[in-house]
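Notes follow the structure.
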């Protein structure tokens, strides 16, 4: 299963992201969407869900603060802000301990991050915003018990 992951679109989407995510099994937006148009564009190429981020009004987006779904046989969870992924905020740590996901996706911090910690993939795609110094998105592949992730810099698309 292939999952396109992005965050911090702030109302716009790099055209290369649409090509990159075309054919993904699912897309997860990790918050700071900015405009319903972003979700409309992405939903034309793949099923999408995600979480609300800073400035995302609940009445504008069909998301909540936490997303969790079994994908490819593993539980995938998304939140907007984990704090430091190496030492998550206590509320996030409790959530992870309670739900036991194999994959934790997040939008904050806005720098790209991918690491396996305690047998769990922690993955932040970085910021997709054009105003970010190195805008990026990510891909997570789930193949049974095998997890693979990749950060893609938008300047390379």
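Numbering (our numbering), first residue to last: 169 to 325.
Glycine is no exception: its CB is placed at the ideal position from the N, C-alpha and C atoms.
Just so we're clear, the structure is a prediction, and the values are computed from it rather than from any experiment.
| query | result |
| --- | --- |
| Any non-hydrogen atom of the ligand COA closer than 7 angstroms to residue 201 Cβ | Judged by which ligands are present, the structure shown has none, so any question about the ligand COA falls away. |
| Beta-carbon proximity check, residue 204 vs residue 224, cutoff 8 angstroms | no |
| Bridge partner(s) assigned by DSSP for residue 256 | 251 |
| For residue 312, the nearest candidate out of 296, 299, 238, 214 (CA to CA) | 238 |
| Per-residue DSSP class, three states only, for residue 270 | coil |
| Continuous beta strand (DSSP E) assignments of at least 3 residues falling wholly in the segment 173-226 | 194-197, 216-218 |
| First and last residue of the uninterrupted beta strand (DSSP E) at residue 237 | 234-239 |
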